[in-house]
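Residue numbers (full-length UniProt numbering): 1 to 232. Every residue, glycine too, gets a C-beta built ideally from N, C-alpha and C. As the structure is a computational prediction, the values presented were derived from the model and not from experiment.
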């Protein structure tokens, strides 16, 4: 299918991303809910794709309706101030450029800021967690919500544990009736840190995608840095 689309549109395909809409394409999400079981999504035992590609997750994926649908209506002409810039894509395909790859690295420039989630009681598997960040006068304020690509198990994320992520702003919603809007981001971690080192606050040199975030007020990005990131 990707081959046919590329031939008809002359667009470039990068392991699940289309160059013309790459910021939109980055905002895929694992399609899991509380009644589908915590073990449904996982990483493939054999490398298939870089973390920014939906092919890097075993399990159903989709685009959240409130990112590209009825709640925050799809924004076909987003504000470039809230969009990343594609710098370079390095892919080493196995054989077919539209199939599995041996290696992939996405270099991208955009607004980046840190936030954290706190693991809540796991009576049932949660399909989202609240993201928090610094508030006024040393307080903590809600940033938005996150869905991790692979659900967190209780042993790797005990109740009360915190997980720091780096948010890369990808797009803004269309304005609401009062003129306000929200933004969406992908969540990243240090690709060189072992799983479970969620409080590592040093600025990474290379990242991996771990989730998608939404409902982020644009004021969150006022304290962000504009950086060039390498995402494996």
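Start and end residues, beta strand (DSSP E) containing residue i
| i | result |
| --- | --- |
| residue 103 | 101-118 |
| residue 88 | 85-93 |
| residue 171 | 162-172 |
| residue 141 | 140-148 |
| residue 205 | No beta strand (DSSP E) holds residue 205; DSSP gives it neither H nor E. |
| residue 189 | 183-190 |
| residue 133 | 129-134 |
| residue 227 | 225-231 |
Element boundaries [alpha helix (DSSP H), containing residue i]
| i | result |
| --- | --- |
| residue 25 | 22-25 |
Inter-residue Cα distance where the pair is residue i and residue j
| i | j | result |
| --- | --- | --- |
| residue 136 | residue 222 | 14 Å |
| residue 58 | residue 42 | 5 Å |
| residue 191 | residue 179 | 38 Å |
| residue 163 | residue 142 | 14 Å |
| residue 220 | residue 173 | 15 Å |
| residue 80 | residue 183 | 12 Å |
| residue 131 | residue 151 | 15 Å |
| residue 206 | residue 115 | 18 Å |
| residue 218 | residue 93 | 37 Å |
| residue 134 | residue 187 | 17 Å |
| residue 149 | residue 138 | 30 Å |
Exposed unless 16 or more other CB atoms sit within 10 angstroms - verdict on residue i
| i | result |
| --- | --- |
| residue 103 | exposed |
| residue 231 | buried |
| residue 21 | exposed |
| residue 117 | buried |
| residue 46 | exposed |
| residue 87 | exposed |
| residue 189 | buried |
| residue 140 | exposed |
Cβ shell of residue i (< 7 Å), same chain only, five flanking positions each side left out
| i | result |
| --- | --- |
| residue 31 | 60, 61, 62 |
| residue 185 | 167, 168, 169, 170, 213, 216 |
| residue 175 | 181 |
| residue 44 | 58 |
| residue 95 | none |
Close-in-space but distant-in-sequence residues of the same chain around residue i (CB under 6 Å, 5 per side omitted)
| i | result |
| --- | --- |
| residue 51 | 208, 209 |
| residue 12 | 19 |
| residue 161 | 119 |
| residue 90 | 105 |
| residue 107 | 87, 88, 230 |
| residue 204 | 190 |
Own chain partners of residue i with C-beta closer than 8 Å, once the 5 adjacent residues on each side are dropped
| i | result |
| --- | --- |
| residue 128 | 145, 146, 147 |
| residue 23 | 78, 83, 84, 170, 171 |
| residue 28 | 16, 54, 61, 62, 63, 212 |
| residue 49 | 15, 16, 55, 56, 100, 101, 104 |
| residue 25 | 16, 17, 18 |
Residue-level contact to chain C via CB, residue i, 8 Å cutoff
| i | result |
| --- | --- |
| residue 23 | This model lacks chain C altogether, as it is built from one protein chain only. |
Exercise for the section: State whether the stretch 215-232 contacts the stretch 108-117, with contact taken as three or more CB pairs (one from each stretch) at a distance under 8 Å. Expected result: Counting Cβ pairs under 8 Å, three or more are found: they touch.
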